[in-house]
C-alpha cells in the first residue's frame, strides 16, 4: 500500500463532548490547517456519526475509531467496514484499549479492512502483544501502555523501552508494519522523543481534543515531527 | 412525551448492503413517500454513519440502531447518545437481539436517552422479558421472538400469544409503554394482524430492505395500519 | 419453594485468596459453626472449583457465584447449572456486579436454575433494576449499589432509601421475591439496620472473608439478624 | 518446562452431560486406563466443578477448560488460576473457540498460568492466528478450524494445509511451541494423519465424550499416536 504516511499524527476524538458533532468538524479543520502549515500528515478519527460530514469537509485522512469483523448482513448496531468506507474513511483504528477485540476478531477485522483497501491501525498494550499483532499484518500498530492513557505522562518518558523494544521486535516479525505510539502525549517534545525512540508517529486524544488551543498543540506536534 | 406515534412502522436497516450509504438514503426517501401517501408514521433506523445525511434529507423520524450507556468521555469506538442526537436522530433502538445489552446497561441507556429527550425503543424476546423491560420505562418496547427474525414467518401467525400476552402484562406494569412487534413481517396482513393482537406498530428489517420494491411493501404496511 | 430461609446471610467468597481452596473450606466450617450457634441461616458461595469439596464437608447451603444460561453441550469453559447441582450447590448467585449478564440471559439463567430446583439469587444495582428483575421471578434479589461494594460504608447507612424503595416496589410486582442487600456490610449493626429497612438478609464478601476473625464477624451478623 | 508430553491426546469434556460429574470421573478413569495400556500421554479437561475430584482420583494430567486473566481479588464468578491449581489442574486450555478471549487477555492469561507453573494450551483458528499466538509463548497451541468442530470431518483430511502451514510458521516464530490440532477427530487414523502433518498431538471432545465406547476410542487414538 503506497498511501501510508510517516510521520503520522493521528487524533482520536473518542466520545469527548469537545470531539462531537460541530466541534469535531471544527477540530478536523484545525488539524487540516496545521497539516497545511507543516506538511506533516495529521489524521483524524471522529465518531461514526461525524465521519461523513468531516470526510466531505477536509482533505486530511479520516479514520473510524473501530469496525466490527462482520460482512454486510444482519448485525444491528454494529459497524460495517463498507459503511465507514462509503462515509469517506480511509482506514480504522481497531482494538483500542477502550474497545478491545478478541484475537480472532482482530485477524478478521484486519482482513475485512484490507479487502476494502482500508488502512488498519491496530492498538496494542505492550511489546509482546505488538509482536503478536504484527503477525496479523496491520499497516500500523499503535502501542499505548493503558496505564498512561489520559495521564499527561508521555510513554516516551515513563517507559521509553516500550517503544524501542516494540520497534525492534516488530521489525523482526513484520518489517512492513509502521509503529505509532500513544498515551500521555501533550507536547511537541513528546512527539520528537517518540520518533527518536523508533516510532513513526503518534496516536493522541485528550492532549489535543481537551487542549485550550488544539490548533497550536497540533502545530507543535507537527513541527516537532517534521524536524526529525 | 407528546411526540410518540401510533401506529409506527420502524424500519431497521441493520448492516445490509442494501441499507448502507446511498442505498440507505434511497430507502429513507421511499419511506418518506409512503408516509406522505398514507399519513402513517414510518421511522427509519440506519447505520451510525448514515444518520446525519438521512436526517438532513428526509422529514420522517430517524433512529439509531443502538447507543452505549456512556457519558461523553474516553470511550473510543462507542456510540454516544449526544452524538446520535446531534446527527439528527430522535431516538434509538436498544437491546436488539443482534446487540443484546446487560440489564444494568439497558437501564442506563434508557436514562441517557431520556435525559436528552431521545425516544428509547427497547427490544425484547418474550413476554416475561418485556414486562421486565417495561419496568425500566422505555417509550416503546419491540418484541421479537429471535427464532422468527428473518424467516418470513410472522410472529402474528406463528406465535400470536406472544403479542397478546405481552400487551396484557406490560399494560399492568407500565401502561404508558407502546408495544411494537417484529420478526418475519413481509406483508400488509402481517401488520394488521399484529395491530389487532395488541401491538401499536411493527419493527421490520429484511421484509422491507431486501424486498424487490421496498416502496410498495412500505405502502402496503402503512395502508394496512391506517385501516385499523 | 419451601426451602427459602429468612433471614439469610450469604457469604460470597469471590476470588479472594483468603476464599480459595483450603481457606474456602475453613471459612465454610466457620460459617457452619456460627449458624449452629444462632440458628440463623448462613450460606456460602465459593468458587466453582471448591463447590464439591465444601458441599460434602458442611451442612450449610452452598451456592455457585454464577451460572451460564446454557444447556448441556458444546460450551467449553462455561458454567453449567447441572454441573453446579451435581457438585452440591443448592442455588446460584447470578448477575453480580462483577459478572453482569444480558437481560435475556438473566431470564434464561433463572429458568435453567428453576428447572433443576436450584435457587436463583439475582443481583441488582438500584430499585428500578430490582423491579425489572423481580418480573423474572428469582427467589432472591440481592441489591448492591456498586459504588459501595468493598468500601465498608453500609448501604443501610449511605443509602437507606435504596432498600426501602426496593422492598416497596418489588412487593408490588412480585411479593414472593425475598430481598437481600449488600455492599459495605462489616458489623452486626449493619445487618440489623438492613433488616429493619425491609431486607430479609444480606449478601456479604470482604466484610467476612477479609476479616481478622471471620467466625466472630459471622456470629455478630447472625446474632444481629436473630434478634429481629 | 520439562513436563511437556508429546504426543499428547487432550480430551475436552466441554459441558456435555456425558462429561459432567460422575460421568466425567468415569471418563477420566477410562483415559487413565488407555494411557496405562499404551504409555501415550492422555490429558483430560473437565468442568471446573469436577477438577478437584478428578485430579484426586487419577494420575493423568488434568487441565482447566479456561481461566480468566485475573489476580486474586474481587472477581465474582470468574476463574482464578490459583484456584484451578489448588484443585489439582496442571494447566489450562485458553481461548477455545467457544470461549474466545481478547488479545490482551490471552497475553495476561498465559502470563498468569506461567507464574504459577501451569501449562497454557492456547487455541487458535487458523495459521496466521497461530503465529500471532506463538508470539505470546504458550507451551501448546491447539489449532482447530471452527467450522469443523463437532463435524466428524477431521482437519487432517479436510484441511491438511492448516496443520502443515501452522507447524512451519510457528516453528519460525517460536520453535518451543508444541502444536496440537483438533476438530472432527474420531478415529485412530485421524490422529496418525495429524501427527504426520506436523502436530504433536490432538485436542478432542465429542469424538471421545460422545462415543459409545470412549475407552476403545482413546485406546485407538493412543495406539495410533504411539506407532509414529
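Protein chains in written order, with the numbering used here: chain A, 1 to 228; chain B, 229 to 456; chain C, 457 to 684; chain D, 685 to 912.
We treat Cβ as the ideally placed atom computed from N, Cα and C, and that holds for glycine.
Opening and closing residue of the beta strand (DSSP E) in which residue i lies
i              : result
residue 840(D) : No beta strand (DSSP E) holds residue 840(D); the alpha helix (DSSP H) holding it covers 839-842.
residue 298(B) : From DSSP, residue 298(B) is part of no beta strand (DSSP E); its letter is neither H nor E.
residue 11(A)  : 8-12
residue 271(B) : 269-273
Where residue i sits in the DSSP three-state scheme
i              : result
residue 633(C) : coil
residue 334(B) : helix
residue 887(D) : strand
residue 89(A)  : coil
residue 895(D) : coil
residue 349(B) : strand
residue 608(C) : coil
residue 748(D) : strand
residue 475(C) : helix
residue 413(B) : coil
residue 685(D) : Bear in mind that the predicted position of residue 685(D) carries a pLDDT of just 39, short of 50, making it unreliable; the figure below should be weighed with that in mind. Of the three classes helix, strand and coil, the one that applies to residue 685(D) here is coil, per DSSP.
Buried/exposed call for residue i, threshold 16 Cβ in 10 Å
i              : result
residue 230(A) : No answer is possible for residue 230(A): it lies beyond the span of chain A, which begins at 1 and ends at 228.
residue 456(B) : exposed
residue 452(B) : buried
residue 458(C) : Residue confidence is low: residue 458(C) scores 43 on pLDDT, short of 50, so the model does not pin down where it sits. No coordinate-derived value is stated.
residue 100(A) : buried
residue 836(D) : exposed
residue 229(A) : The structure shown has nothing for residue 229(A), since chain A only spans 1 to 228.
residue 212(A) : exposed
residue 61(A)  : buried
residue 782(D) : buried
residue 175(A) : exposed
residue 613(C) : exposed
residue 254(A) : Examination of residue 254(A) is not possible in this model, given that chain A is present from 1 through 228 alone.
residue 600(C) : buried
residue 50(A)  : buried
residue 250(B) : exposed
residue 856(D) : exposed
residue 105(A) : buried
residue 495(C) : exposed
Boundaries of the alpha helix (DSSP H) in which residue i is found, first to last residue
i              : result
residue 596(C) : Here residue 596(C) belongs to no alpha helix (DSSP H); instead the beta strand (DSSP E) covers 596-599.
residue 644(C) : 644-652
residue 146(A) : Segment: none, residue 146(A) is in no alpha helix (DSSP H) and carries neither H nor E.
residue 515(C) : Where residue 515(C) is concerned, there is no enclosing alpha helix (DSSP H), given that its DSSP letter is neither H nor E.
residue 27(A)  : 22-38
residue 588(C) : 583-590
The segment 249-260 of chain B: positions lying closer than 7 Å to chain A by Cβ:
So the close ones are 249.
Can you give me, in chain order, the residues of the segment 135-165 of chain A that have a beta carbon less than 8 Å from any beta carbon in chain B?
Listed by position along the chain: 149, 150.
Quick test of the definition: if touching needs 3 or more C-beta pairs under 8 Å, does the segment 439-453 of chain B touch the segment 475-495 of chain C?
Segments in contact, no.
What are the residues of the segment 329-351 of chain B that lie near chain A, defined by any Cβ-Cβ distance shorter than 8 Å?
From the segment 329-351 of chain B, no residue has a Cβ closer than 8 Å to chain A.
Residues of the segment 509-538 of chain C with Cβ closer than 8 Å to any Cβ of chain B, in chain order
Hits within the stretch: zero.
Is the segment 381-401 of chain B touching the segment 420-433 of chain B, taking contact as three or more C-beta pairs under 8 Å?
Judged by Cβ distances under 8 Å, the segment 381-401 of chain B makes contact with the segment 420-433 of chain B, as three or more pairs qualify.
When you compare the segment 291-303 of chain B with the segment 36-47 of chain A, are there three or more beta-carbon pairs, one atom per stretch, that lie closer than 8 Å?
No, they do not touch.
What are the residues of the segment 414-448 of chain B that lie near chain A, defined by any Cβ-Cβ distance shorter than 9 Å?
Residues of the segment 414-448 of chain B that bring their beta carbon within less than 9 Å of a beta carbon in chain A comprise 433, 434, in sequence order.
Would the segment 539-553 of chain C and the segment 509-524 of chain C be scored as touching if the rule is three or more Cβ pairs under 8 Å?
Proximity of the segment 539-553 of chain C to the segment 509-524 of chain C meets the contact definition, three or more beta-carbon pairs being nearer than 8 Å.
Hey, is the segment 333-348 of chain B in contact with the segment 591-608 of chain C, meaning 3+ C-beta pairs nearer than 8 Å?
As far as the Cβ criterion goes, the segment 333-348 of chain B does not touch the segment 591-608 of chain C, which means the pair count is below three.
Report the residues of the segment 463-477 of chain C with a CB closer than 7 Å to any CB of chain D, ordered along the chain.
Of all residues in the segment 463-477 of chain C, only 468, 470, 471, 472, 473, 476, 477 place a beta-carbon less than 7 Å from a beta-carbon of chain D.
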